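Structure record follows, encoded as structure tokens.
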Amino acid sequence: MEITWKYVKPLKDPKAVKAFLAKYKIDLPASLVDIMEKYNGGRPSDKVVVTDTQREYVFKSMLSYNSDDKETIYKIYPDLFKETNWFPFASDAAGNFICYDVKKKKCVLYNHETDKGEAITEMALKI
């Protein structure tokens, strides 16, 4: 099934994503960078995310690279994830974050209630 996107916010600075990644020396798959640039702040039509615990989560939206938007990478990454191997690129409906583990090269869901990660086993968004 093809994913469609709603509420995409055009990047005010087309170089914002790559500049942020360069600043923090983060290496992500080109496919993920492309998704982040094309669907900034957007919400996908297929929202189900399943983890290795067999729990289902709801993919809410991509994080934004426009500094004046509500849910931005600038408010989240430096405080919560800078010292980890996880790079958040989206949020779920319960305040958790969908991240890319740069060491293990796979997606994880950061559960803010347990402060732990759960490996993502199923997600429509292909990276």
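Going by my numbering, 573 is the number at position 97 of the sequence shown; the sequence numbering is gapless. Every residue gets a Cβ at the ideal spot worked out from N, C-alpha and C, and that includes glycine. Source: prediction; values computed, not measured.
Exercise for review: State yes or no: is the C-beta of Ile479 nearer than 7 Å to some heavy atom of the ligand SAH?
Suggested key: Among the ligands in the structure shown, none appear at all, so the ligand SAH cannot be discussed.
Exercise for review: Please work out which residues of its chain come closer than 8 Å, Cβ to Cβ, to Thr597, disregarding the five sequence neighbours upstream and downstream, and give them in chain order.
Suggested key: Within the sequence shown, residue 597 is the residue found at index 121, counting from 1. Within the same chain, Thr597 has close Cβ partners Val526, Thr527, Asp528.
Check your understanding: By how many angstroms is the C-alpha of Trp562 removed from the C-alpha of Val578?
Key -> The residue labelled residue 578 in the question sits at position 102 within the sequence shown. The residue labelled residue 562 in the question sits at position 86 within the sequence shown. Approximately 6 Å between the Cα atoms of the pair.
Check your understanding: Lys523 and Val534 look like a contact to me (Cβ under 8 Å); what is the Cβ gap, rounded to whole Å?
Key -> In the sequence shown, counting from the first residue as 1, residue 523 sits at position 47. In the sequence shown, counting from the first residue as 1, residue 534 sits at position 58. For Lys523 against Val534, the beta-carbon gap comes to about 5 Å, under 8 Å, which counts as contact.
Review point. For Asp503, does the count of other Cβ atoms within 10 angstroms reach 16, so buried, or fall short, so exposed?
Key: In the sequence shown, residue 503 corresponds to position 27, counting from 1. Exposed, by the Cβ-count rule.
Check your understanding: Under three-state DSSP, which class holds Asp672?
Key -> In the structure displayed, the chain extends from 477 to 603; residue 672 sits before or after that span and is not available.
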